[in-house]
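Colleague: One structure, pasted below without further comment.
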Amino acid sequence: MKIKTWIFLISAISAQSLPRGKEPPEINSLENGGWNYSTDAPHRTSAAVSFRRRFNRDVNDANLETHVSNLKMVARITNGMSILAKSMHHSLEVEQFISEVLRFGDITPTQIDALDGAKLNEFLNNLKTLPDDVMPTAAASKDIVEKVEKVFDGLKKILVEVDGVGDIREWKEEKDHFLKEIERLGKDGVPLAPINTIHAVNGNWADQSPELLKNDSKSTRDDLKGIRDLFSRLKTKSQSFDADTKFWSFANFTNAVDGISPVLKAAEGVEVYDKVFKTIKMDEKDENDYVEYLKLVVSKLKGPLARMDYVKIVSELLTSRAKKVHQRRLRDTFGLSNGAADFASLSTDVENPWIQKVIKTKSLKTSFSHFDRISELFTNIEQTFKGDLEGFKKMLHFLDSIPQILAKVGLTKADIHQARNCNRPVADDIKTDLFTPFYQSLETIDDKLSGLKNETQKLSTLLKTPGIAEMCDEVIAICNELKDDDSNLKDVLKKFREYPKMKNLTAHITELKKVTSDISSKQLDSYKTETANVVNNMKSLNDYQNRIGEYATYFKCLQDQDKLKSVFKALDGLNEIRGWSQNTDYSKALSDGSGVMNGVIGVKGYLSELKKSVESLEQLDSPEAKMLKEFSSASTHSENIGKAVQALDGMRLALKNQAGIQKVVDNIPVVSSHKAQLTDTVDVANLEKLVGSSSEIEVMLTSLGTFKKTVVPFVSTDTFAAQSEIFENGKKVTGVTGGFSVMSEAVGKLKKTVKGQDASKLNDVEDGLNTMDSLNLDFASFKTDLDASKKSLAELDLFFASNFKASKVTLSPGNTPSGNQANPTTLGGQQVWATTGVDEKKELNVDLLVGIAAGFLVLLLLVILIHGLLHKYKRRWLVDHYCIKWKATPEILFDIYYEYFKRKFDALRLDETNLKGHMDAVVFKYFTSAYETDKCDAIDFKKKDAIDSDCRYPTELWAENAPVLKGYDDRFENNFFHANMCSFYTRKEWMLTEAPQMKSADKNCTISKMFWMAKQNKTQSIVMLCDLKEKDKPVCDRYYPETPESEALTFGDLTVRCHQMTKPCKGLEIRLLFAKFGDEEEFSVAHYKFTGLKITGFPKSMAGLMQVYNALERDTQSPIIHCSKDNRRTGLFTFGAMLYDDFKKTQKVNLKTNLIKIRKLRVGSVPNAEDYSYGARICWEMLASKVKLDDLRKQKYEAYKAMELFAEGGTTYYRLMKTPGDQN
């Protein structure tokens, strides 16, 4: 039932037990759930309504500002009441509340209190001295370090030149191909037929035009016909020139010089080798000494990392504080969205004249006085806190590079020896006197080809001159006026001579002739001489190649040293850190970052006292506090009103910035006309989304304008509910959502390619999108809150009217108050009503209490009876319509899911009648369209730099929700683990990772890392969604024994044994594994290997997958789930589970919400419409597995199993589209 029904029943039953006296004015329940007063009370009729009726004019922004300002007070007061009520019920999570007010996000006061000032100072001092600490100290050590690093510097220079060349002595087939291409150019030349045609037109015009243009021209019909054909050819060839013209291109290389690039690169390598020959020598002792130095460097680099947990806490805290209201997650402070500033306003809010007029009590001021010290502490923290996020980010920029450099340097120790693996040849001069003429011939060929291309492009541009084609048509039309008997020949010739644009046409033809003549005179089509020089001098190339070949063994050896490039990168990183000592940016960033971190430490004392002060609210025991304690729904009303006021404030800000947003809409055509100039697919997609959102933004602006017209001047009413109209009108405002930030970034890139007025317009679009990104324009998401707020305001009125004794209010004759019954007295000739409420100094009316109690008892019995009947016979109605969320049975969930897709599929079949009778085609069409609409690109997320040696596959990884290994001592070289934590609606989490690997030449063992992660997180289950080999290729290394009889497997100090193994169904194997690290305590983990979920297609049986899911549902800790690579299978399974988990709680099929969530939690998840369909099918199976299917539900279940037929549906769909009409 609706809340208004309960209020009506309470009023009706209570009224029967009240003493009969003069009737107060009637209270009418509005259809919108709010409260209004009877029309016989003129002084209560809204002055705003009368004002609107009289003038019916638009209202300025000041009216909305006033409304929002006053309603914010209501939201804050309701929030304060909620905090007190929750505190006294011991349901206020104190740390969460404090973090919320201070905008700390997930960082708690306990975490901040754990920050040790002495350790922080040590950490900051280590950072200051780090650049000097990694420098060699002793003179001998310094010499060795410089010597070895010069070796690697020289080798790096050599490899830059010869990288990819291989053994230059083996360059034979490519050389033969080069020679054949040169010979082909000499033989065929470059065909210039289209250019010659244009040149001939020019010649014909030069021959015929003088006579035709004479006043006494002797030209004949044939002359006119010739000119007509000339202009016809010119027009035709101008239009087809680009298509007909083919530039010369060599096969497999770009130009003649590029054809011998391996030789040239090797020659450059020789030149560099000669220069560094004396500096690239080192022996074994040099290597050992340098490795010892690197060990010292590693220990120094580890120092700052010891307190990176402090940095992470401060970073997360600052990031959270920088978020806007709509980006934060609120639980207890929906009405205090501005944090401490709003909290400080509570004491003055309750004394506001309008608020006092409504609540008619000073008792709330007494209750809120308990907030005074808490507010003072919040204010002190805000003033003490140094939240310079940008300054801290600069320090983070440097800190983030330390662990990366540390990892590289740590791995480098074992690779230093590769610098002395190759025997150095003796440096010798190579003469180039014979090779130089050969090389110059190639350059001549390239110069001629380049010149031809430039001239041809110049000619192409001329032929596209605007208006020339129209001129040709006009001249042709003049020539066609000649009659068959030539009787009008002179008239046609005169009209030809006097053609107004003849000078322009003649100038154009003259310009064409100039270009074509240049091409002809320079003989840009013939290359016989140049190619002959190359062919005849091939011996000089061979000799040059042979001389360079003396270095080939050494160069090839260097290229085969696979770890040298890693060493180069490590030393580059080390030099980067050394350079920080002279980098003023580093010292400034360190200073700024230190100030921020010390500022966080500085609030610890305040937080400790603040926590105690908030906890003390639990002990409040005053009469007014007890009344608030009984107001158990305060938190619900706080959320409803708080969110609704946030929506109104968002509308206010949108109207304030309306001009800037309108410019986005006005200039979207400019974006559309230029978007093709960007080539990046992501940028283009974002621009297309922007263009597509134009109408949606326009509709929003229109609805905001309409809403603004409904806002009347604020009237100081007697009730909160009388202000409900603005919330009702706000429901009609539409909103927009989208990645405005990435759209703005794309427009910024587009702006750089545009000049003039359009660039200015794009600048307006960019500014407007930045403004939109700063606002919460998703007004549609507040519709429920705007609706619920009206009921909450009425509940507030009822609470104050029922619980607090009012000050005496003077009314006009013939009117009575709208609160509880009271007796009238006379004061100054007017009736004065005092409402009855809680007053411990006065005697309660026993008859009144008995009447209320009797009425309440009757009402309670009715409620219990009605709910019992509804629960038994109309449970689905309760789920769909009840004002309080009623838990749905599995059967109801099954039906809701079926009905959702039935509506979608039926609508599709109505639209495309060909699909009737072909459920697989319906599934294909629906999910293909839905995926294109719903998919998002998670580009706003920072990617984590993966450590290649600790990854089986080179897949990307989100940084934000990536777990790290902890407490492993020196067991691993780093704390990196390629995984992401995926959180569900119910706050449970799954860890998704890739297939683990054994140690190999260039790879570290990640099997032991995976088991350590399981130990660290107390994981109960590991799920493997692939086989060890697929299509005869290994995709995952074995990390578990096959059976209990199999020998235990060891990976370093990790031992894994199989205690039990079963195969409950096809495709599923379940093992109980025991794992032990060295002397650590042995632990167990269940292992589920399910091979039915293929990369393509859908499993024939879902039994195994459901058994896995049911096991994970019972787990209390995060499981580890992996497939082979690309996250397709783990992402699909998790998406289906997320969809089911969300649906159970919300009873809504939120496909898009969960698609966006999984794609932003794990790169590569649900990459196409096929997986979108399969995820919905997995959710369908999860729902069906919880229900005992009767015959009807079996039919429904079988019908929508078709969601697994997406691939087959594609074939059916395209077949049907080729055949019109109904296919039944």
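What the sequence shown shows, in mature numbering (1 follows the signal peptide of the UniProt record, and there is no 0), is residues -15 to -1, 1 to 1209, in sequence order.
Glycine residues also receive a C-beta, built at the ideal position from the N, C-alpha and C atoms.
1. If you pair each beta-carbon of the region 472 to 485 with each one of the region 221 to 235, do three or more pairs fall below 8 Å?
2. I need the boundaries of the beta strand (DSSP E) containing Gln1045, first residue and last residue.
3. Hey, out of Ile711, Tyr295 and Leu781, whose CA is closest to Val697's CA?
4. Give the secondary structure of Ser354 by DSSP, where H, G and I count as helix, E and B as strand, and everything else as coil.
5. Between Glu131 and Arg292, is the Cβ-Cβ spacing less than 9 Å?
6. Determine the extent of the alpha helix (DSSP H) in which Met1009 is found, giving its start and end residues.
7. In three-state DSSP terms, what is Leu1201?
8. Terminal residues of the continuous beta strand (DSSP E) containing Phe540?
9. If you run the structure through DSSP and keep just helix, strand and coil, what is Met582?
10. At which residues does the alpha helix (DSSP H) containing Phe785 begin and terminate?
11. Are Lys746 and Lys648 closer than 9 Å when you measure CB to CB?
12. For Asn946, which residues from the same chain have a beta carbon less than 7 Å from its beta carbon, with the 5 sequence-adjacent residues on both sides left out?
13. Hey, out of Asp400, Asn583 and Ala399, whose CA is closest to Asn110's CA?
14. Out of Met120, Asn323 and Val581, which has the shortest C-alpha to C-alpha gap to Thr369?
15. Give me the Cα-Cα distance between Gly715 and Met636, rounded to the nearest whole angstrom.
16. Measure the CB-CB distance between Asp935 and Asn989 and report whether it falls below 9 Å.
17. Since I believe Phe764 is in contact with Thr719 (beta carbons under 8 Å), could you give me their beta-carbon distance rounded to a whole number of angstroms?
18. Taking the continuous alpha helix (DSSP H) assigned at His622, which residues delimit it?
19. Taking the continuous alpha helix (DSSP H) assigned at Arg1113, which residues delimit it?
20. Which of the three DSSP states, helix, strand or coil, is assigned to Ser472?
21. Which one of Asp1156, Ala399 and Ala555 has the shortest CA to CA distance from Ala915?
22. Answer yes if the region 525 to 543 comes into contact with the region 330 to 350, meaning at least three C-beta pairs across the two stretches below 8 Å, and no otherwise.
23. At which residues does the beta strand (DSSP E) containing Tyr484 begin and terminate?
24. Below 8 Å CB to CB, which residues in the same chain sit around Lys674 once its five sequence neighbours on both sides are set aside?
25. Alpha carbon to alpha carbon, how far is Ala412 from Ile143?
26. Find the nearest neighbour of Gly171 within the set Asp1064, Met1123, Gln508 and Ala329, judged by alpha-carbon distance.
27. Between Ile387 and Leu286, is the Cβ-Cβ spacing less than 9 Å?
28. Could you tell me which of Phe1075, Ile212, Gly1037 and Pro1026 sits nearest to Asp1012, measuring between CA atoms?
29. Determine the DSSP secondary structure at Pro1019, reduced to helix, strand or coil.
30. With contact counted as at least three CB pairs below 8 Å, one residue from each stretch, are the region 1104 to 1118 and the region 970 to 988 in contact?
31. CB-CB under 6 Å to His74, same chain, minus the five flanking residues each way: which ones, in chain order?
32. Short of 8 Å in beta carbon distance, which residues of its chain neighbour Leu447, apart from the five on each side in sequence? Order them along the chain.
33. Whole angstroms are fine: how far does the CA of Asn55 sit from the CA of Ala706?
34. Return the residue from the list Leu1124, Tyr1198, Asn788 and Thr664 that minimises the CA-CA distance to Tyr911.
35. Give the straight-line distance between the Cα atoms of Asn1005 and Ala1071, rounded to the nearest whole angstrom.
36. Just to confirm, are Ser1119 and Ile1143 a CB contact at a threshold of 9 Å?
Modeller: Looking at the atomic coordinates:
1. no
2. Sequence index remark: in the sequence shown, residue 1045 carries index 1060 (1-based). Taken as a continuous stretch (DSSP letters only), the beta strand (DSSP E) holding Gln1045 covers Leu1039 to Cys1050.
3. Residue numbering aside, residue 697 sits at position 712 when the sequence shown is read from its first letter. Considering only alpha carbons, the answer is Ile711.
4. To locate residue 354, count along the sequence shown from 1; it is residue 369. Here Ser354 sits in helix by DSSP.
5. Here residue 131 refers to the residue found at position 146 when the sequence shown is read from its first residue. Here residue 292 refers to the residue found at position 307 when the sequence shown is read from its first residue. No, the Cβ-Cβ distance between Glu131 and Arg292 is not below 9 Å.
6. In the sequence shown, counting from the first residue as 1, residue 1009 sits at position 1024. Premise fails: Met1009 lies in the beta strand (DSSP E), Ser1006 to Met1009, not in any alpha helix (DSSP H).
7. By 1-based counting over the sequence shown, the position of residue 1201 is 1216. Three-state DSSP puts Leu1201 in a helix.
8. Here residue 540 refers to the residue found at position 555 of the sequence shown. From DSSP, Phe540 is part of no beta strand (DSSP E) but of the alpha helix (DSSP H) over Ala537 to Asp545.
9. The residue labelled residue 582 in the question sits at position 597 within the sequence shown. Helix.
10. Walking along the sequence shown from the start, residue 785 turns up at place 800. Note, Phe785: alpha helix (DSSP H), Lys768 to Asn788.
11. The residue labelled residue 746 in the question sits at position 761 within the sequence shown. The residue labelled residue 648 in the question sits at position 663 within the sequence shown. Yes.
12. For the purposes of this step, residue 946 is taken as the residue at position 961 of the sequence shown. Excluding positions up to five away in sequence, the list reads Asn965, Met966 and Leu1146.
13. Translated into the one-based positions of the sequence shown, residue 110 becomes position 125. Of the listed residues, the one whose Cα sits closest to Asn110 is Asn583.
14. Here residue 369 corresponds to residue number 384 of the sequence shown, with the count starting at 1. Of the listed residues, the one whose Cα sits closest to Thr369 is Val581.
15. As a position in the sequence shown, residue 715 is number 730, starting the count at 1. As a position in the sequence shown, residue 636 is number 651, starting the count at 1. So the alpha carbons of these two residues sit roughly 8 Å apart.
16. Residue mapping note: residue 935 aligns to position 950 of the sequence shown, counting from 1. Residue mapping note: residue 989 aligns to position 1004 of the sequence shown, counting from 1. Yes, the pair counts as a contact, with Cβ atoms nearer than the cut-off.
17. Taking the first residue of the sequence shown as 1, we reach residue 719 at position 734. Taking the first residue of the sequence shown as 1, we reach residue 764 at position 779. Thr719 to Phe764, Cβ: 7 Å. Contact.
18. Taking the sequence shown and counting its residues from 1, the one referred to as residue 622 is at position 637. Unbroken alpha helix (DSSP H) run through His622: Ala619 to Lys641.
19. By 1-based counting over the sequence shown, the position of residue 1113 is 1128. Here the alpha helix (DSSP H) through Arg1113 covers Arg1113 to Thr1131.
20. Translated into the one-based positions of the sequence shown, residue 472 becomes position 487. Of the three classes helix, strand and coil, the one that applies to Ser472 here is coil, per DSSP.
21. Within the sequence shown, numbered from 1, the residue matching residue 915 stands at position 930. Among Asp1156, Ala399 and Ala555, the Cα nearest to that of Ala915 is on Asp1156.
22. no
23. Along the sequence shown, read from residue 1 onward, the residue named residue 484 stands at position 499. For Tyr484, there is no enclosing beta strand (DSSP E), as DSSP marks it with neither H nor E.
24. Counted from its first residue, the sequence shown places residue 674 at position 689. Correct list, in chain order: Gly723, Gly724 and Met728.
25. Position 427 of the sequence shown, counted from the start, is the residue given in the question as residue 412. Position 158 of the sequence shown, counted from the start, is the residue given in the question as residue 143. Approximately 13 Å, taken between the alpha carbons.
26. Taking the first residue of the sequence shown as position 1, residue 171 is located at position 186. Looking at the Cα atoms, Gln508 is the closest of the given residues.
27. In the sequence shown, the residue the question calls residue 387 occupies position 402. In the sequence shown, the residue the question calls residue 286 occupies position 301. Yes, the pair counts as a contact, with Cβ atoms nearer than the cut-off.
28. Counting from one through the sequence shown, the residue named residue 1012 turns up at place 1027. Checked all of Phe1075, Ile212, Gly1037 and Pro1026; the closest Cα to Asp1012 is Phe1075.
29. Looking up residue 1019 in the sequence shown gives position 1034. Of the three classes helix, strand and coil, the one that applies to Pro1019 here is strand, per DSSP.
30. Touching, per the Cβ criterion.
31. Reading the sequence shown from its first residue, position 89 is the one you call residue 74. So no residue of the chain qualifies.
32. Locating residue 447 in the sequence shown gives position 462, where the first residue counts as 1. Result list for Leu447: His493, Glu496, Leu497 and Val500, in chain order.
33. Taking the first residue of the sequence shown as position 1, residue 706 is located at position 721. Taking the first residue of the sequence shown as position 1, residue 55 is located at position 70. Cα to Cα, Ala706 sits roughly 13 Å from Asn55.
34. Counting from one through the sequence shown, the residue named residue 911 turns up at place 926. Of the candidates Leu1124, Tyr1198, Asn788 and Thr664, the one whose C-alpha sits nearest the C-alpha of Tyr911 is Tyr1198.
35. Counting from 1 along the sequence shown, the entry for residue 1005 is found at position 1020. Counting from 1 along the sequence shown, the entry for residue 1071 is found at position 1086. For the record, residue 1005 in the displayed sequence is Gln; it is not Asn. Gln1005 and Ala1071: Cα-Cα distance of roughly 6 Å.
36. Taking the first residue of the sequence shown as 1, we reach residue 1119 at position 1134. Taking the first residue of the sequence shown as 1, we reach residue 1143 at position 1158. What sits at residue 1119 in the sequence shown is Thr, not Ser. Cβ distance < 9 Å, so Thr1119 and Ile1143 count as in contact.
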